[in-house]
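Residue numbers (this note's numbering): 87 to 448. Let me begin by presenting the structure, written as structure tokens, before commenting on it.
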């Protein structure tokens, strides 16, 4: 299908049909009935609109056409195409392709100097420009609150439960809020449960320890989610504290707007976010198993462990060393505490024995 899109000359009706087909598939995947959140879904999944996808495929086909061998099918047919009416369609594809025109090579007759890296850079820049145009449109507030970097959003692939992932996606798409007049279960007022009301009613800024100057503290934290396990102990401690609180407050917001979905009481916040916390800091046994092979960074066990944590072997070994140092410090503290407790127990035993002796003496 994509090969046909690269060589076909499409009109506006064809683009609309393709886009509607893509929107229908996305609606079935995400369980929505409208196209209001399509721009956000495309951005979260790093999925191009069909117009941009056709432009990208045509630019790649134009690039391959100038690098094909002379005995290939297209270079063989190209002289016959130029003698017929096909010349208009081929030249129009080159002239109207924004990615190829951004390379500034079609007017200088140096098509062969274009490299694959130049084409990739032009494609990325075109996608960025398209995203900026979508952000500048009306009713794009939720899109502007998402990550500005291109790529699949970490909330779609980081380890978490299905409930936690659904809550994160629902908040991104604006599905947690409810703009209808209904009583708020938190403040017991009949009002529109908009995002501003929920953030102020639940005191989200104070709960997450974020400044009030930030309009959306939840999106602020979601935009800072790491793509790889953090190597510094300070960042790991930060996510250990903030991630369960974030999952808990998302659960509370959704519970306030959709009270019919919940019958059991809310679980405590320490029951949220365990999968991501395990991914952020591996267990002690993993760190010790890796440290056994720290002299062999290319061993098979280290490679498998690095692939499971999406790290390079060197980064994984560095993190294992940090974990070992951290746990050794914790064990030293526990040993000192145990020694102090033993000393206190001995003191208590001696005082008790003295009291017993004195009591017997009297």
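Backbone N, C-alpha and C define an ideal beta-carbon position, used for all residues, glycine too. Bear in mind the structure is a predicted one, so any value in this text is a computation, not a measurement.
Could you tell me the boundaries of the alpha helix (DSSP H) in which residue i lies?
i: residue 104; result: 98–116
i: residue 154; result: Where residue 154 is concerned, there is no enclosing alpha helix (DSSP H), given that its DSSP letter is neither H nor E.
i: residue 129; result: 124–130
i: residue 119; result: First-last for residue 119: undefined, no H or E at that position.
i: residue 185; result: 184–188
i: residue 226; result: First-last for residue 226: undefined, no H or E at that position.
i: residue 249; result: 248–259
Where do the N-terminal and C-terminal ends of the beta strand (DSSP E) with residue i fall, by residue?
i: residue 278; result: 276–279
With DSSP as the reference, label residue i as helix, strand or coil.
i: residue 215; result: helix
i: residue 367; result: coil
i: residue 199; result: helix
i: residue 204; result: helix
i: residue 193; result: Any reading at residue 193 is ruled out, since the residue's pLDDT is 46, under 50, leaving its predicted position unreliable.
i: residue 90; result: helix
i: residue 135; result: coil
i: residue 302; result: coil
i: residue 380; result: The predicted model places residue 380 with a pLDDT of 48, which falls under 50 and marks its position as unreliable, so this point remains unresolved.
i: residue 436; result: helix
i: residue 296; result: coil
i: residue 334; result: helix
i: residue 318; result: coil
i: residue 147; result: helix
i: residue 210; result: helix
i: residue 441; result: helix
i: residue 142; result: helix
i: residue 178; result: helix
i: residue 160; result: helix
i: residue 429; result: helix
What residues are listed by DSSP as bridge partners for residue i?
i: residue 267; result: 278
For the ligand HEM, is there a heavy atom less than 8 Å away from the beta-carbon of residue i?
i: residue 254; result: Looking at this structure, you won't find the ligand HEM or any other ligand, since it has none at all.
Check: Does the segment 297–311 touch the segment 230–239, meaning 3 or more C-beta pairs lie closer than 8 Å?
Finding: yes
Checklist line | Inter-stretch contact (C-beta, 8 Å, three-pair minimum) for the segment 263–279 and the segment 310–322 | finding: no
Notebook entry, point to check: Between the segment 322–334 and the segment 345–364, do at least 3 Cβ pairs fall closer than 8 Å?
Noted result: yes
Next item on the list: Give a yes or no on contact between the segment 217–228 and the segment 117–131, applying the rule of three or more CB pairs nearer than 8 Å.
Entry: yes
Next item on the list: Inspect the CB distances between the segment 107–118 and the segment 199–215 and report whether three or more fall short of 8 Å.
Entry: no
Margin query: Can you confirm whether the segment 234–246 touches the segment 155–162 when touching is taken to mean that 3 or more C-beta pairs between the two stretches lie within less than 8 Å?
Written below: no
Margin query: Would you call the segment 318–325 in contact with the segment 295–305, where contact means no fewer than 3 C-beta pairs closer than 8 Å?
Written below: No, because fewer than three Cβ pairs between the segment 318–325 and the segment 295–305 fall closer than 8 Å, the two stretches do not touch.
Checklist line | Three-pair Cβ contact test at 8 Å for the segment 271–282 versus the segment 137–154 | finding: no
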